[in-house]
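Working notes, beginning with the structure itself.
Protein chains in written order, with our numbering: chain A, 908 to 1286; chain B, 908 to 1286; chain C, 908 to 1286; chain D, 908 to 1286.
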């Protein structure tokens, strides 16, 4: 693990997600850019001192010298955005599979370079777009793919939050500070941090790429350098239309990622804050309430569930589904097996998703600077 | 009443709304363009034969000859869109107050003419944008006006329906037929029929006019001549931003008009399909559930309610609130009284709202034809 | 109308409900036990002075002398409980149909007498157990009757309120005062006022009579003479079991009448505070959301609806459905027609429901006094 | 770990819960009554063969011989009900702390014996009544304890399920088979399996013991030997009243454990199937929606949360909270530290809760056999 030392937040969540299924064991880490802090953090986690490294470079070099079976099987990256590409690049170039926090990189240019490195290495690269790990998101995707909704016409996807409604970065809040800083966060604020989750979710469920978009970004809080709110018109390949909006100034909203998809024959509605419910809507028939854990769900949803019906699962289980799939892919690689295309272990976000996310961010920023002019999203 | 004869739908709802509070009595009507059908319809309603007219022209002329107290006090119009302006014009020019179904007219040009006629006549003109009659919509408006949310930053307003997801107009469905016909409906389909309700609701609650918009309209159903779906970016006077989308192809949606408003200090959320609940959101405090009929509500909401808490009120009561207010304004006029500005009888949609609605439709159509170019909404 | 003068509450709701469909016109009243107040109240309602009577006795006598077509067609009673029986008795004995607020009478003994009078008179008697007027309550009843749920096993019915959580009757609150006074309310407080609605709803939907019950009543507020909370175990004819609880001290609850019914094959759930939604539950299939106004509903629900889908209807419309049915039954009688058994005009609560309600109250009070001993509910 | 081998269900959930926080490592197990199956199951979990024992007796004896630090720190029991007491007894008598699945034992008599053994041993005993691990259940408890609701008057607690609505035990369903078998499940079916969770939740939140109850149990499914549905009236120490019902034949219900508590000043409502929401109700003020992860929550709720607001947590996290607390208590013991009374590590269900659970079951069965006679619940 790179990053995730004392005081960091997302690192702890990664560790819970990784440990959940007993398939992954944390064996080493470079938890902080401060070597002592890294060692202390590793000790908190019961790691032996010699596997707690001062820097990721040191870790990659040292681990590469260990025999297979002893050295780390893959490396995960949980640092701020600007520090995603360098360790990913070095790990891949030294023979390690990589699982990285999103976004894949700091810029589209970096993302394309990384894609080339992944391709050349022949190694596995995963991205923790964890919202696609929810069982009912998988069910939704499967229903669309099976044609149950008919041809898709409209998508409404939203990710409102309220936590940056005031100038929180002016206080000592670490999460707010780096996310609102162009040097550490990238070209976009809100739209990069959470808008990309909305984009990823929409494309994952519908299987349709966004072809062009018109974006109106705003920084509402005085003194803020990056957008804290964005409204987008979407056009998808094949003719579907849509709306995407995300916000960090929508007072009282938590992480209300949600999506509605309408086809010629049916519709879907899912809310991340009640993730165990999927509304399925029909022409001339009552809406149905799909719930996790029930026998009427498809294979993808079923294999993403650990508990019986109405024992609600949450964010950490969805997160763990990404880890479990990636671990399955790594194990298959170690065992020399080839995964079937629909194997659950194949169902994790990959470098292509990372490149699309960065292309999305750049298209949004470009469109907004051109007063919401239509801008192609090409990858 | 003009229109609303046998087989018509909205006319019956107008009559229920008008009768609800015992303040308004139906005394005459030209219920159909077919004189016999008009007379038969009047008989169904227990009206004397001599007050059931063959045409609205006949009615206005005949009623104008009756003495005050005997003749109709005001005329209401419940015909399809293209037949709103002519009877409104003639009634006003013959001394009758007018309450009209929305939209006010067939085109913006007509609406401006009508505004001039209203002004010249000195008479009252009301418009049944009935969704603003809901008690909690009034509470929302009052909270914004009192500054409880702080300066408004963002508005998300939606009106999805699904009933036109198939080509219903190809069958004999009367409601679908005229709404999808440019000659009877006007320049817009979905956005005129229900998008205007969303526009009106957003401006009513926030008190902020939309200054410009970018619109992407689509006719998804093959062979349909008018839009059945529209996605809009909004900019409000004073800097607020927003999204408006309405649809008649969102399978499984009924009349899910809903709105979210976010200010610097708080947020609001209201759904027409559960209209007795208003969510009020705060920085760092739990969201509150405001419910109709409770003592903590303000004057406007309280006076718009007829039943105790959690005896749910609905669409007809909201509709009746428009009628009751208009009747109060007419009575004050008959009594020679001047209403205080915040008198509930003053709280009904007026010709200015009608002009804005038509300006909205024209701006949306213009923007969409220009590939969603930003277009001013001026009135 | 008997009762419902100035300052009264329920009378106004009755008048709205009666007027809603244009089938019923208020022609006379004895609105108050104070003759002057009665006349003033009538004037408020635009009634001629000679039809505003000082007492109900005077009204019945005077109206009986008027020719048919001029005199009132039926009499409705909206007084407190102790004043239900006397006017009902006198009206029936003088040839008038009666529509009464619930409960039918002050005691079971009176109810049985009234049933005998109704029978002897051959006249119509209706009771405004208005919650059974909701369209989806009718749908629920129809589904059970059609066997869609299979044999019924369990019923959970609740009516919690919170408005009497403090000693409101000690202030000048008129509604609280008579409801907590044994002389005006009867043997029971909460269980009589709202528990009977729960009992009526459960029997209406399931078609199963409660055969015996065990009741634990409490008066939580110090100094209160009647129960303000009650918990009951139920046994139904045929073997179903159930729970009924109602309360007026459940802080924060409004009028949350709700019911769940489970059979061998399916289940139902309905809440009065969101009355346009009915959840229908199945073995091994997703729960369905039935909504008013949709084409998939049965005849009884459809005929009880006035507006299109998701134009929410509420308490007043449900109330009006009782009035409309009763007016239809009166009109059929006047026209000498016989109603088909499943005619919507036959679907209103009758004297048998009134007797059952009083039997329920007496059984509950008896059981509670015997420390919740099982007590038969016989009628 | 005792139990939880291949094919078992609850064992896997225990392991996830135990592993979640990186504080507990599985070191040995007797996973099955079949020694080979036990070894195979251990191998699946990457355990060394010499720590996979054929029986719990063998495991306890062998582990007891290992030095501290190497041997297991505590033993957890995840077998069917009849197999809870014997391993717990032996482990305690050999110096091991015990964490057991609920119910504590097969009978009240056994439970009292176990309590004596725990007391004598001076060791720690925990019980995975995991629903009390939810953050908002802890918030509810804290609010009651702080007097925010005033004196408690009424409790409504429910646990309906539908999965045993048909005779599932007649098929090969392992979970259904032992739960409906008196020899393996005990004196009660539904009321023991899930009714005890409702009892435990009500007492945990209110801090009030149930003093007496009247119970009506039913076995609705033909041929079933134990109750599959139960309705109870409750009386709490201090005068509060309540209703408890649980069911396994409520078609369409999943694990809808839920509770409402009303005091003199406020009320609470919580549903296990949406566990991140707690409704808080007030006299004359709008209901508030408390959500996990927010800053306005108290210490107990905050320390039971791993993710930011609206990253929903679920059943496994609640379960893990019990494990984390117990691990904290064990560590404090190993470290020779004494925990403060309000230390989160003290907040797990103990043997006293186990004894109460068994006393509840026996009182319910006794009452039901006496036709729902009031029966004391004493421990």
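Quick reminder that beta carbons are idealized off the backbone N, C-alpha and C, glycines included.
Q.
Cβ closer than 7 Å: which chain D residues qualify as neighbours of residue 1196 (chain B)?
A. As a first step, residue 1196 (chain B) is located in the second chain; it is residue number 289 there, counting from the start. Those are 1193, 1194, 1196, listed as they occur along chain D.
Q: Name, in chain order, the residues that DSSP records as bridge partners for residue 1191 (chain B).
A: Translated into positions along the second chain, residue 1191 (chain B) becomes position 284. DSSP output for residue 1191 (chain B) lists no bridge partner at all.
(Q) Can you look up residue 1005 (chain C) in the DSSP assignment and give me helix, strand or coil? (A) The residue you call residue 1005 (chain C) lines up with position 98 of the third chain. Three-state result, residue 1005 (chain C): strand.
Q) So which residues of chain B does residue 1202 (chain D) contact, with C-beta pairs closer than 7 Å? A) Counted from its first residue, the fourth chain places residue 1202 (chain D) at position 295. Per Cβ cutoff of 7 Å: 1191.
**Q.** Cβ-Cβ distance between residue 1211 (chain D) and residue 1027 (chain D) below 7 Å
**A.** Locating residue 1211 (chain D) in the fourth chain gives position 304, counting from the first residue. Locating residue 1027 (chain D) in the fourth chain gives position 120, counting from the first residue. Their beta carbons are not under 7 Å apart, which means residue 1211 (chain D) does not touch residue 1027 (chain D) by this criterion.
Q. Three or more C-beta pairs closer than 8 Å, one from the region 1068 to 1075 of chain D and one from the region 1123 to 1142 of chain D: is that the case here?
A. yes
Q | Residues near residue 1091 (chain D) by beta carbon distance below 6 Å, same chain, minus five either side | A | Reading the fourth chain from its first residue, position 184 is the one you call residue 1091 (chain D). Non-local C-beta neighbours of residue 1091 (chain D) in its own chain, meaning closer than 6 Å and more than five positions away in sequence, comprise 987, 989, 1085, ordered along the chain.
Q. Are the C-beta of residue 916 (chain C) and some C-beta of chain D separated by less than 7 Å?
A. Translated into the one-based positions of the third chain, residue 916 (chain C) becomes position 9. Chain D contact via Cβ: absent.
Q: Give me the Cβ distance between residue 1140 (chain A) and residue 1120 (chain A), rounded to the nearest whole Å; I'm assuming they're in contact under 8 Å.
A: Position 233 of the first chain holds residue 1140 (chain A). Position 213 of the first chain holds residue 1120 (chain A). About 7 Å separates the two Cβ atoms, so the contact holds.
Q: For chain A, find out if any of its Cβ atoms is closer than 7 Å to the Cβ of residue 1273 (chain B); answer yes or no.
A: The count along the second chain starts at 1 and reaches residue 1273 (chain B) at position 366. Taking a beta-carbon distance threshold of 7 Å, residue 1273 (chain B) does not count as an interface residue toward chain A.
Q. Three-state secondary structure (DSSP) at residue 1060 (chain C)?
A. Working through the third chain from its first residue, we reach residue 1060 (chain C) at position 153. Residue 1060 (chain C) falls in the strand class under three-state DSSP.
Q. Among residues of its own chain, excluding the 5 on either side of residue 1208 (chain A), which ones have a beta-carbon nearer than 8 Å to its beta-carbon?
A. Counting from 1 along the first chain, the entry for residue 1208 (chain A) is found at position 301. Counting only Cβ-Cβ distances below 8 Å, and skipping sequence neighbours, we find 1042, 1043, 1045, 1046, 1049, 1199.
Q) If you measure beta-carbon to beta-carbon, which residues of the region 1229 to 1240 of chain D are closer than 8 Å to chain A? A) Against chain A - using a Cβ distance shorter than 8 Å - the region 1229 to 1240 of chain D contributes no residues.
Q: Indicate the three-state DSSP secondary structure (helix, strand or coil) for residue 1204 (chain D) in the structure shown.
A: In the fourth chain, the residue the question calls residue 1204 (chain D) occupies position 297. Coil.
**Q.** Neighbouring residues, chain C, relative to residue 1165 (chain B) (Cβ below 9 Å)
**A.** In the second chain, counting from the first residue as 1, residue 1165 (chain B) sits at position 258. Per Cβ cutoff of 9 Å: no residues; residue 1165 (chain B) is ~11 Å from chain C at best.
Q: Look up residue 920 (chain D) in the DSSP assignment and say whether it is helix, strand or coil.
A: Sequence index remark: in the fourth chain, residue 920 (chain D) carries index 13 (1-based). It is helical.
Q | CB contact below 7 Å: residue 1005 (chain A) versus chain B | A | Numbered from its first residue, the first chain carries residue 1005 (chain A) at position 98. Judged by the 7 Å Cβ criterion, residue 1005 (chain A) is not in contact with chain B.
Q) When you compare only the Cα positions, how much space is there between residue 983 (chain D) and residue 1008 (chain D)? A) Counting from 1 along the fourth chain, the entry for residue 983 (chain D) is found at position 76. Counting from 1 along the fourth chain, the entry for residue 1008 (chain D) is found at position 101. If you draw a straight line from the Cα of residue 983 (chain D) to the Cα of residue 1008 (chain D), it is about 8 Å long.
Q | Beta carbon of residue 1024 (chain D) nearer than 7 Å to that of residue 1234 (chain D) | A | Counted from its first residue, the fourth chain places residue 1024 (chain D) at position 117. Counted from its first residue, the fourth chain places residue 1234 (chain D) at position 327. Cβ atoms of residue 1024 (chain D) and residue 1234 (chain D): not closer than 7 Å.
**Q.** Spatial distance of residue 957 (chain B) from residue 937 (chain B) (CA atoms)
**A.** The sequence position of residue 957 (chain B) within the second chain is 50, counting from 1. The sequence position of residue 937 (chain B) within the second chain is 30, counting from 1. Cα-Cα distance, rounded: 11 Å.
Q) Since residue 1079 (chain C) is in the beta strand (DSSP E), which residue starts that stretch and which ends it? A) Walking along the third chain from the start, residue 1079 (chain C) turns up at place 172. Per DSSP, residue 1079 (chain C) belongs to no beta strand (DSSP E) and is neither H nor E.
Q: Look up residue 1148 (chain C) in the DSSP assignment and say whether it is helix, strand or coil.
A: Within the third chain, residue 1148 (chain C) is the residue found at index 241, counting from 1. When DSSP states are grouped into helix, strand and coil, residue 1148 (chain C) belongs to the strand group.
Q. Any chance the region 1062 to 1072 of chain A sits against the region 1159 to 1178 of chain A, with 3 or more Cβ pairs inside 8 Å?
A. yes
Q) If residue 1038 (chain A) sits next to residue 1104 (chain A), beta carbons under 8 Å apart, how far is it from one beta carbon to the other, in whole angstroms? A) The residue labelled residue 1038 (chain A) in the question sits at position 131 within the first chain. The residue labelled residue 1104 (chain A) in the question sits at position 197 within the first chain. Sure, about 6 Å apart at Cβ, within 8 Å.
Q: For residue 1226 (chain D), count neighbouring C-beta atoms within 10 Å of its own C-beta (all shown protein chains included) and say buried if the count is 16 or more, exposed if not.
A: In the fourth chain, residue 1226 (chain D) corresponds to position 319, counting from 1. Flag for residue 1226 (chain D) reads buried.
**Q.** chain A residues whose Cβ lies nearer than 7 Å to that of residue 1288 (chain D)
**A.** Past the boundaries of the shown model lies residue 1288 (chain D); chain D is included only from 908 to 1286, so the question cannot be answered.
(Q) At the level of alpha carbons, what is the spacing between residue 1019 (chain C) and residue 955 (chain B)? (A) Your numbering for residue 1019 (chain C) matches position 112 in the third chain. Your numbering for residue 955 (chain B) matches position 48 in the second chain. Spanning the two alpha carbons is a distance of roughly 45 Å.
Q) Are residue 985 (chain B) and residue 918 (chain B) close, meaning C-beta to C-beta below 7 Å? A) On the second chain, position 78 is the one that residue 985 (chain B) refers to. On the second chain, position 11 is the one that residue 918 (chain B) refers to. Contact: yes.
Q: Could you check how far apart the C-beta atoms of residue 1241 (chain A) and residue 980 (chain A) are, in whole angstroms? I think they sit under 8 Å.
A: The residue given as residue 1241 (chain A) occupies position 334 in the first chain. The residue given as residue 980 (chain A) occupies position 73 in the first chain. Right, the Cβ-Cβ distance comes to about 7 Å (below 8 Å), so this counts as a contact.
Q.
Against chain B, does residue 1060 (chain A) count as a neighbour if the rule is that its beta carbon must be under 7 Å from one of theirs?
A. Here the question's residue 1060 (chain A) lines up with position 153 in the first chain. Answer yes: the Cβ-Cβ gap between residue 1060 (chain A) and chain B drops below 7 Å somewhere.
Q) If you follow the beta strand (DSSP E) that residue 1118 (chain A) is part of, which residue opens it and which one closes it? A) In the first chain, residue 1118 (chain A) corresponds to position 211, counting from 1. 1117 to 1125 is the span of the beta strand (DSSP E), which, as asked, contains residue 1118 (chain A).
**Q.** When D:947, D:926, D:927 are compared against residue 910 (chain D), the one with the closest alpha-carbon
**A.** Taking the first residue of the fourth chain as 1, we reach residue 910 (chain D) at position 3. Considering only alpha carbons, the answer is D:947.
**Q.** For residue 1055 (chain D) and residue 1142 (chain D), the rounded distance between their alpha carbons
**A.** The residue given as residue 1142 (chain D) occupies position 235 in the fourth chain. The residue given as residue 1055 (chain D) occupies position 148 in the fourth chain. Approximately 22 Å between the Cα atoms of the pair.
Q. For residue 885 (chain B) versus residue 1006 (chain B), is the C-beta spacing smaller than 7 Å?
A. This structure does not reach residue 885 (chain B), given that chain B is present from 908 up to 1286, and the question cannot be answered.
Q: Could you say if the region 1181 to 1195 of chain B and the region 1093 to 1109 of chain B meet the contact criterion of at least three C-beta pairs nearer than 8 Å?
A: no
**Q.** Distance, residue 1021 (chain B) Cα to residue 971 (chain B) Cα
**A.** For the purposes of this step, residue 971 (chain B) is taken as residue 64 along the second chain, with counting starting at 1. For the purposes of this step, residue 1021 (chain B) is taken as residue 114 along the second chain, with counting starting at 1. Between residue 971 (chain B) and residue 1021 (chain B), the C-alpha separation is close to 20 Å.
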